[in-house]
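K.L.:
If you scroll down you'll find the structure; I have some questions about it.
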Amino acid sequence: MCLAIPALVTAVLADDMATVSLGGVVKTVSVALLDEVAVGDYVLLHVGYALHKISEEEAERTLAMMAEGGLLQAELDEIAGDAA
Amino acid sequence: MCLAIPALVTAVLADDMATVSLGGVVKTVSVALLDEVAVGDYVLLHVGYALHKISEEEAERTLAMMAEGGLLQAELDEIAGDAA
Amino acid sequence: MKYVEEFRDRALAEKLSAAIRAEADAVRSYNFMEFCGGHTHAIFRYGVQDLVPANVQFVHGPGCPVCILPIRRLDDAIELAERHGVILCSYGDMLRVPGSKRRSLLSVKAQGADVRMVYSTLDALEIARQNPDRQVVFLGIGFETTTPPTALAIRQAADEGLTNFSVFCNHVLTPAAIRHILDAPDIDPEQAVHLDGFLGPSHVSTVIGSKPYEFLSETYRKPVVIAGFEPLDVLQSVLMLIRQVNEGRVEVENQYARVVTREGNTKAQDLVDEIFELRPAFEWRGLGMVAKSALAIRPAYAAFDAEARFDLSDKTSREVKSCECPAILRGVKKPKDCKLFGNVCTPDNPMGSCMVSSEGSCAAYWTYRRAETLAEMAKDKAMAEQAA
Amino acid sequence: MKYVEEFRDRALAEKLSAAIRAEADAVRSYNFMEFCGGHTHAIFRYGVQDLVPANVQFVHGPGCPVCILPIRRLDDAIELAERHGVILCSYGDMLRVPGSKRRSLLSVKAQGADVRMVYSTLDALEIARQNPDRQVVFLGIGFETTTPPTALAIRQAADEGLTNFSVFCNHVLTPAAIRHILDAPDIDPEQAVHLDGFLGPSHVSTVIGSKPYEFLSETYRKPVVIAGFEPLDVLQSVLMLIRQVNEGRVEVENQYARVVTREGNTKAQDLVDEIFELRPAFEWRGLGMVAKSALAIRPAYAAFDAEARFDLSDKTSREVKSCECPAILRGVKKPKDCKLFGNVCTPDNPMGSCMVSSEGSCAAYWTYRRAETLAEMAKDKAMAEQAA
Amino acid sequence: MTAMQPIRAKRFPADARVTMSHGGGGRATRELIASVFAPHFANPLLEQGHDAARLERPDGRIVVSTDGHVISPLFFPGGDIGSLAVHGTLNDVAMGGAQPIALTSAFVIEEGFPLADLERIAASMGEAARRAGVPIATGDTKVVERGKGDGVFITTTGIGVVPDGVEIGPDRLAAGQAILLSGTLGDHGVAIMSQRQGLEFETTITSDSAALHHMVADMVAAVPGIALLRDPTRGGLSSTLNELVEGTQLGVLIEEAAIPVKGEVASACELLGLDPLHIANEGKLVCICEEADAETLLAIMRSHGEGTDAARIGTVTAEEPGFVRMTTAIGGTRIVDWLSGEQLPRIC
Amino acid sequence: MTAMQPIRAKRFPADARVTMSHGGGGRATRELIASVFAPHFANPLLEQGHDAARLERPDGRIVVSTDGHVISPLFFPGGDIGSLAVHGTLNDVAMGGAQPIALTSAFVIEEGFPLADLERIAASMGEAARRAGVPIATGDTKVVERGKGDGVFITTTGIGVVPDGVEIGPDRLAAGQAILLSGTLGDHGVAIMSQRQGLEFETTITSDSAALHHMVADMVAAVPGIALLRDPTRGGLSSTLNELVEGTQLGVLIEEAAIPVKGEVASACELLGLDPLHIANEGKLVCICEEADAETLLAIMRSHGEGTDAARIGTVTAEEPGFVRMTTAIGGTRIVDWLSGEQLPRIC
Ligand code: SF4
Ligand code: SF4
Ligand SMILES: [Mg+2]
Ligand SMILES: [Mg+2]
Ligand SMILES: [Mg+2]
Ligand SMILES: [Mg+2]
Ligand SMILES: [Mg+2]
Ligand SMILES: [Mg+2]
Ligand SMILES: [Mg+2]
Ligand SMILES: [Mg+2]
Ligand SMILES: [Mg+2]
Ligand SMILES: [Mg+2]
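Same order as they appear, the protein sequences are chains H, W, X, Y, R and V.
When the letters of the first sequence are read in order and numbered with UniProt numbering, they come out as residues 1 to 84.
When the letters of the second sequence are read in order and numbered with UniProt numbering, they come out as residues 1 to 84.
When the letters of the third sequence are read in order and numbered with UniProt numbering, they come out as residues 1 to 388.
When the letters of the fourth sequence are read in order and numbered with UniProt numbering, they come out as residues 1 to 388.
When the letters of the fifth sequence are read in order and numbered with UniProt numbering, they come out as residues 1 to 348.
When the letters of the sixth sequence are read in order and numbered with UniProt numbering, they come out as residues 1 to 348.
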């Protein structure tokens with residue numbers, strides 16, 4: 001029900017509409033719920049509407065945290081220890 | 001367009017309707033165009049309505065005339081001559 | 001089937017055939033017009049021509065209601081179904097007749113219009129009752145036979161207070177058409193076929209009686225035999241006509257006495273009078289405008305008159321060029337004289353109305369006598385080429 | 001697909017899994033409720049359970065909008081489609097949910113009701129524009145994620161002056177439901193599951209932000225991690241929850257920071273505020289009446305409110321007896337505890353709403369973990385028999 | 001795409017209807033098949049559980065024929081779409097002089113169709129196939145949205161084996177051959193039309209729907225040199241005969257008085273303005289053979305229940321190539337034309 | 001009931017539509033067939049002019065399969081209902097290990113359908129059949145009233161011959177066998193869905209609709225002992241595998257990461273919330289064989305245009321009988337279930 005997926009804005013159209021691409025699949029959606037949107041933005045798409053922009057920076061931070069999180073707390077401590 | 005066929009009245013129903021039989025095929029039709037109709041009457045049926053009663057007497061006369069008519073006028077004269 | 005099979009008896013047919021051959025005067029010809037399409041159909045379906053000598057010729061009249069409906073009226077019916085979105089009900093044969101641009105009620109149905117074939121005005125009324133939110137129009141066509149059922153339907157609708165039922169009335173009158181043909185002011189005398197007598201309408205006469213044809217013998221001096229639609233009826237009527245001609249009599253005789261009386265069905269006549277009135281004139285395909293030849297719904301029943309209820313647009317309706325239906329319906333040409341016959345025009349792909357109804361001349365020739373007709377056409381063509 | 005595939009990476013998953021196994025304290029258990037059906041689905045579809053130790057348990061919450069719609073409201077929707085003859089539009093999952101007498105929107109559609117699946121409220125508006133002579137009702141269901149699109153559709157309809165479009169509004173609010181579960185006044189303490197933390201809503205939070213969950217840590221002292229819907233998001237969030245628990249922290253953390261902010265989408269929030277107002281209370285399947293847990297259309301937009309426009313009859317709506325959905329939706333039972341599971345109740349023939357949506361617990365167990373569940377059920381049964 | 005392997009039959013409620021799910025190709029489709037079709041169609045070929053059925057190596061050449069059945073109404077006096085779909089295709093195979101060895105059936109069902117009616121059709125189909133001794137080897141089920149179908153359409157295909165030496169086909173026609181008809185014309189079409197809404201009439205006529213391959217087997221055994229067999233179905237005898245001669249150097253002459261037509265069928269035709277020669281039959285055949293074989297074949301036909309009214313109705317001629325001519329009841333002659341335009345209602 | 005003998009082709013006007021007359025069985029039916037179908041289907045079997053086609057005595061056992069095609073939209077990227085109806089049935093025959101020798105086709109056409117579209121479909125069907133080297137031996141045409149159909153439905157039946165020694169069937173499955181897939185999943189279903197009204201999205205994906213019997217011929221020649229072949233059409237790979245094991249003593253274990261899926265197909269599935277395992281394919285096959293034959297067969301598949309992406313995706317197991325289990329992308333496991341409920345839109 002809350003299915004939503006990331007999509008790249010490829011064109012901003014009239015009437016609060018935009019064209020987005022999801023891995024090559026192109027769809028026309030409403031961006032009326034966003035304050036501003038630009039070509040190149042990634043947005044989260046839900047039932048034909050963009051709900052929110054996606055932050056590239058945060059995504060990368062999350063992935064980095066995962067790689068980190070994959071380390072055991074003990075190993076992290078060790079790394080911290082080594083660094084110290 | 002003016003297709004019409006003879007049918008036997010098998011039952012007189014309410015609302016100026018009647019059941020008729022055409023050689024075993026039974027159909028409910030309107031007899032509203034006839035002054036009176038009784039079981040046993042033959043009627044001429046057209047687009048769901050009985051148009052006219054059929055006269056048995058006249059039908060037989062016609063068939064008899066045909067049999068006669070089939071004789072050449074000359075033969076008829078002859079017969080008349082013989083009888084005379 | 002009583003009153004049917006007896007009138008198709010082969011032994012009797014042979015007797016009548018022999019009598020006709022014997023009595024027909026070999027040195028003259030007998031041209032009899034059968035007004036009714038019903039007769040045309042019976043003649044062809046049973047091969048009646050094969051039972052009469054070659055000098056007895058049937059001239060096919062305009063008595064096929066489907067054939068004589070002018071294309072403009074058919075375009076109006078198509079407009080009712082398409083533009084006004086009504087449920088348009090009609091008898092089966094009417095559906096395939098091509099209107100302008102070769103569009104028929106059947107082809108607009110195939111494109112989504114709601115066109116329904118009915119077997120009776122009773123069905124059309126029932127459709128109206130079952131679809132109270134739709135307008136239902138019955139396309140009323142036909143001669144005096146078919147008119148009383150339409151009149152009854154209108155009265156019934158009035159009695160029930162149906163507000164969604166109306167009739168697009170195209171009912172026409174036979175005597176006026178026959179008179180028009182005989183007046184034939186527009187016919188090239190060289191083309192004109194001399195008519196020696198008429199096979200009078202069969203089922204029409206059960207309603208109006210034989211009296212309305214008496215002007216034919218009285219004014220026009222033409223023998224008339226009211227004839228049944230079975231093949232023996234036709235043969236006997238031909239024999240009766242030959243005898244009138246040979247004897248110099250000019251009478252209205254009634255071969256179809258088992259159903260037709262001089263007065264007809266007066267109850268039906270009264271009902272028709274109550275609902276309908278004479279139109280000053282009406283167009284017949286083939287005959288043009290014919291005075292006092294058709295009925296309109298009386299103003300008292302205007303609520304049931306589709307012409308009053310719907311705004312029908314002006315239109316220029318066009319016949320297929322080189323279709324000879326008009327001349328065929330006047331009896332001055334035969335289907336073989338039309339160069340479209342069997343070539344591009346067939347019952348599956350009719351160009352004119354005469355090719356649609358099984359009572360139309362072209363359809364009858366195509367369906368039942370195609371081999372002979374095509375052979376004649378080939379012969380005519382060869383002769384024409386030789387002449388040229 | 002950027003932002004999708006990275007979050008399904010197997011190597012990273014294995015790392016996270018190893019970390020979870022290492023950090024989870026073997027002598028205690030961790031019971032985390034995922035509120036959202038989206039999480040439930042991700043957990044099952046990717047077999048996330050297989051990557052966490054047995055003492056980390058997922059407790060499935062009531063976060064499937066299809067599952068928690070009370071049967072009475074569904075019966076109302078069926079009535080709109082059947083008795084009022086509207087074009088009823090809804091998202092796909094809703095169509096198969098059984099209402100009273102096991103009738104669903106899909107089954108009444110099969111019997112002739114005009115029920116249409118739409119992918120967006122934009123489609124429902126378009127259907128209304130294209131069918132000006134029909135009433136079109138959009139069955140609005142869903143949490144805060146799905147509400148703004150409904151709000152926009154209503155405003156659009158108002159702007160266009162559409163007179164044949166309305167919404168049957170069943171939009172509900174997540175924080176109220178979580179609060180209700182934690183208050184759990186009606187739950188038998190023996191049955192109650194102790195919850196060690198929450199996987200916070202993912203896409204709901206993109207709209208409302210993480211702030212509305214702060215009461216959970218502040219008032220109820222429960223750790224919360226707002227978690228994305230991809231499997232790595234779930235694993236990482238579990239790790240973060242374990243760390244909070246192990247460290248005795250109670251915070252609202254945001255794992256899904258790439259889309260969720262503390263404030264959320266204020267434009268969408270304002271729009272929702274303009275169109276909707278709080279209902280004093282609303283019934284949730286499983287939870288009963290929950291105060292301030294749902295939205296109604298404001299009187300200013302009553303013209304677009306199907307509840308105002310149509311007269312919905314009183315009805316006694318009945319759940320299938322012995323369907324355990326209510327207890328499952330509260331997290332106090334599991335699908336294996338329902339004796340209908342897999343027996344008479346399957347996704348093709350659902351008895352309760354939890355078996356319909358792919359986000360429902362019963363459907364998830366059936367579809368993705370049937371083998372294990374049926375084995376457990378057999379074991380439970382054997383033990384019960386031994387005990388007896 | 002879904003084999004009819006019985007997986008798990010289930011009992012549907014009495015008022016259950018077909019839904020789109022039943023056509024999705026998933027478990028619901030399999031359950032429908034297992035519950036509604038498999039019990040009635042049961043046979044070893046179907047139980048192979050494969051999407052395609054494997055038959056034994058045939059002892060002769062293969063004959064194959066297919067027909068879609070879209071009849072309305074679905075149930076009519078003397079049969080239903082299920083039995084019709086079996087008989088219609090078996091007969092087309094038999095008209096090749098072949099003995100049918102297997103049938104396939106493909107259903108297109110309209111959403112909302114009552115399962116009880118579907119089961120009734122399946123039962124009738126199964127019974128017709130069993131009686132005919134021909135298994136329904138494989139099948140297919142599709143569901144279309146309400147308003148995109150008309151209850152049920154069934155396409156059946158028949159596979160048959162024709163013995164060596166039997167070379168039935170239009171190329172075998174020659175002037176002087178006798179034309180035989182296995183019984184009365186028009187029973188099927190009239191039975192259907194009697195049920196048509198707005199046209200209803202009562203008659204005791206029932207459809208002649210029947211499988212003719214057993215009769216054909218005896219005919220072919222006695223006279224392997226039969227020139228042609230045809231079943232005069234849609235379009236009636238007139239279309240069958242026209243199909244044979246149109247565009248060829250041969251004609252046909254038939255005798256109206258010799259053509260068997262039941263009294264009630266003749267009456268119904270009068271009522272509707274139809275010609276019995278245009279009306280569909282579903283249990284009759286036209287056989288064209290050498291003059292010398294005519295009596296033998298008539299005797300064989302008459303010895304079968306389906307051929308009791310068999311009659312010699314005409315002759316192949318060289319005189320009027322391309323035309324079907326008939327001596328009429330009153331001794332005149334006329335062309336017998338194809339059915340022109342639409343025959344209402346749908347009769348097969 | 002009407003053989004497809006070319007009588008007289010005629011040119012219909014460009015905007016002509018199918019009328020009820022075209023289904024009456026009379027001359028209009030024959031003209032439609034002669035004008036629209038015959039030119040595209042032309043082959044010696046059809047020209048026998050008989051309602052049933054007679055094939056030569058086959059050199060092996062017969063395999064027969066049938067499918068109704070009710071796809072919407074009728075035209076889609078990579079094909080149309082015509083080519084699909086040919087490929088779909090040829091493939092079912094090929095899945096029996098057989099080489100198809102003939103097809104039949106039965107059309108149910110909705111009144112008002114544009115003749116130009118019908119001809120386009122016939123042309124595509126004819127071309128697909130010619131390319132496949134399999135004649136359309138006989139056919140049938142019915143017309144239903146407007147609102148009682150959906151453009152065109154086409155039921156095709158395929159007849160094939162399977163060489164002795166080839167015994168493909170579900171009874172041949174055994175634990176330890178390898179499961180091969182001939183290429184990417186979901187192309188057909190996604191191509192169809194991209195055209196669905198109200199759902200439109202743009203993609204470069206085209207249907208994989210293709211005939212597989214040439215590839216199968218090479219596979220069977222190299223490894224006559226192939227245990228099973230199936231085309232994962234409606235219901236997708238999940239239904240195909242479940243059909244095989246449900247109710248048996250065998251299970252299946254597949255590896256999500258090993259299953260080829262195109263990027264755009266995966267994206268479209270995300271967009272629609274669908275699982276590629278549930279999506280229909282029309283040019284793929286699943287092959288189950290002995291472990292030892294897996295590489296040989298993969299090499300053969302990859303040497304054909306239709307099998308370039310062939311992959312080993314799993315193994316038949318004895319461990320969890322009746323279930324299809326999958327190792328997921330992240331290394332967890334789950335059951336792979338049948339498609340549940342309706343798959344929208346109609347995809348075959
Ligand atoms: S053959 Fe056709 S075109 Fe010629 S007159 Fe007759 S109806 Fe008209
Ligand atoms: S298995 Fe079915 S009946 Fe049981 S709780 Fe779940 S949805 Fe309800
Ligand atoms: Mg199939
Ligand atoms: Mg298959
Ligand atoms: Mg056939
Ligand atoms: Mg047949
Ligand atoms: Mg319908
Ligand atoms: Mg056929
Ligand atoms: Mg046949
Ligand atoms: Mg198949
Ligand atoms: Mg297939
Ligand atoms: Mg339609």
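Every residue, glycine too, gets a C-beta built ideally from N, C-alpha and C.
No experiment lies behind these values; they were computed from the predicted model shown.
Using the Cα positions of Ala227(Y) and Ile154(R), report the straight-line distance between them to the nearest angstrom.
P.N.:
The straight-line gap from Cα to Cα measures roughly 52 Å.
K.L.:
Taking Arg134(Y) as the query, report the chain V residues whose CB atoms sit under 7 Å from its CB, ordered along the chain.
P.N.:
Near Arg134(Y) there are no residues of chain V at all, since even the closest Cβ is about 16 Å away, more than 7 Å.
K.L.:
Could you check which residue in His50(V), Gly307(V), Ala116(V) has the C-alpha nearest to that of Arg11(V)?
P.N.:
Ala116(V)
K.L.:
Given that a residue counts as buried once 16 or more other Cβ atoms are within 10 Å of its Cβ, and exposed if not, what is Phe282(X)?
P.N.:
So Phe282(X) counts as buried.
K.L.:
Look up Ala113(X) in the DSSP assignment and give the residues it is bridged to.
P.N.:
BP columns for Ala113(X) are empty, so no partner.
K.L.:
Taking DSSP as the reference, what is the three-state secondary structure of Ser104(Y)?
P.N.:
coil
K.L.:
Who pairs with Ser65(V) in a beta bridge, going by DSSP?
P.N.:
Gly158(V)
K.L.:
Under 9 Å between the Cβ atoms of Arg54(R) and Ala98(V)?
P.N.:
For Arg54(R) and Ala98(V), yes; Cβs fall inside 9 Å.
K.L.:
Below 8 Å, is the gap between the Cβ of Arg234(V) and the nearest heavy atom of ligand 3?
P.N.:
yes
K.L.:
Spatial neighbours of Ala67(W) within its chain, please: C-beta separation below 6 Å, excluding the five flanking residues on both sides.
P.N.:
none
K.L.:
For Glu14(X), which residues in chain R fall below 9 Å Cβ to Cβ?
P.N.:
Ile330, Gly331
K.L.:
What are the residues in the stretch 1-33 of chain X lying within 8 Å of chain R by C-beta distance?
P.N.:
Met1, Val4, Arg8, Asp9, Arg10, Ala13, Glu14, Ser17
K.L.:
Between Asn242(R) and ligand 9, is there a pair consisting of the residue's CB and a ligand heavy atom that are separated by less than 8 Å?
P.N.:
Not so, every heavy atom of ligand 9 lies at least 8 Å from the Cβ.
K.L.:
Does any heavy atom of ligand 2 sit closer than 8 Å to the C-beta of Phe341(Y)?
P.N.:
yes
K.L.:
So Asp187(V) and Asp208(V) are in contact, right, with Cβ under 8 Å, and what is the actual spacing, rounded?
P.N.:
4 Å
K.L.:
Between the C-alpha atoms of Gly264(X) and Phe165(X), what's the straight-line distance to the nearest angstrom?
P.N.:
29 Å
K.L.:
In terms of DSSP beta bridges, what is Ser90(Y) paired with?
P.N.:
Ser90(Y) is bridged to Met117(Y).
K.L.:
How many Å lie between Gly96(V) and Asp51(R) at the Cα?
P.N.:
Their backbone Cα atoms lie some 8 Å apart in a straight line.
K.L.:
One question on the structure: do Val252(Y) and Val224(Y) come within less than 9 Å of each other, judged by their Cβ atoms?
P.N.:
yes
K.L.:
Consider the C-beta atom of Thr104(V) and the heavy atoms of ligand 3; say whether any pair is separated by less than 8 Å.
P.N.:
no
K.L.:
Please classify Leu12(X) as buried or exposed, where buried requires at least 16 neighbouring CB atoms within 10 angstroms.
P.N.:
buried
K.L.:
Which residues in the same chain have their Cβ closer than 6 Å to the Cβ of Leu295(Y), if we skip the five residues on either side of it in sequence?
P.N.:
Excluding sequence neighbours, Leu295(Y) sits near His171, Phe276.
K.L.:
What is the DSSP secondary structure of Tyr30(X), reduced to helix, strand or coil?
P.N.:
strand
K.L.:
Sort Met240(X), Lys211(X), Val245(X), Arg370(X) by Cα distance to Arg221(X) and report the nearest one.
P.N.:
Val245(X)
K.L.:
Where Glu307(X) and Tyr301(X) are concerned, what is the direct C-alpha to C-alpha distance, given to the nearest angstrom?
P.N.:
When rounded, the distance between both Cα atoms is 12 Å.
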